[in-house]
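In the UniProt record's numbering, the protein residues as written are 1 to 159.
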């Protein structure tokens, strides 16, 4: 079964605030991509999405992808990357757009994991959503990073 993820870079304050309540964000993005809103409703939802997301940092993404993918069989055409897993176990396509990234994958789940691991290294605030299967989540949970910072500040005793 093919998987299609929409991945957004969420503003830090919203990522932190909505950790544990990702379903609220998921429903906003689902409405934005997959429902038949009236023109006025779509304009409102579009403004909300723009407000809580960051633009995709294209230059640093290209640099990171080229470094991380150099050991794999991959093709790059502009802002599209396609990685093929050894022995035909699967493949994934990574498409960068101004405000989001789309990852299409088939076969072994390792295919999309390659791209998600790269995104995790860039920011803890990426939220990935597969609207067909109603699956969503942080690629690197924000709360996990916040706890690590608190441990550093308070000598390992989380408050």
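We put the CB at the ideal spot given by N, CA and C, even for glycine.
Sub-8 Å separation of residue i and residue j beta-carbons
i, j, result
"residue 106", "residue 2", "yes"
"residue 127", "residue 8", "yes"
"residue 55", "residue 98", "yes"
"residue 42", "residue 130", "no"
"residue 122", "residue 64", "yes"
"residue 110", "residue 90", "yes"
"residue 45", "residue 37", "yes"
Nonlocal neighbours in the same chain, by C-beta distance under 7 Å from residue i, ignoring five residues either side
i, result
"residue 115", "92, 94, 103"
"residue 96", "56, 58, 61, 79"
"residue 82", "74, 75, 91, 93"
"residue 26", "129, 136"
Endpoints, the beta strand (DSSP E) within which residue i is located
i, result
"residue 102", "101 to 107"
"residue 74", "73 to 77"
"residue 5", "3 to 9"
"residue 80", "80 to 84"
"residue 135", "135 to 138"
"residue 127", "126 to 130"
Closest residue to residue i among the options (Cα-Cα distance)
i, options, result
"residue 135", "16, 29, 14, 100", "29"
"residue 87", "100, 72, 81, 78", "72"
"residue 132", "24, 35, 78, 17", "35"
"residue 53", "108, 15, 112", "15"
"residue 100", "67, 125, 108", "125"
"residue 33", "67, 21, 48", "48"
"residue 175", "39, 51, 139, 113", "The requested residue 175 does not occur in the structure, where the chain is confined to residues 1 to 159."
Range covered by the alpha helix (DSSP H) that runs through residue i
i, result
"residue 25", "22 to 34"
"residue 98", "Here residue 98 belongs to no alpha helix (DSSP H), and DSSP marks it neither H nor E."
"residue 19", "That residue, residue 19, is in no alpha helix (DSSP H); it is neither H nor E in DSSP."
"residue 119", "110 to 122"
"residue 43", "39 to 52"
"residue 66", "58 to 68"
Proximal residues to residue i (C-beta, below 8 Å), its chain only, five neighbours per side dropped
i, result
"residue 22", "127, 136, 137, 138"
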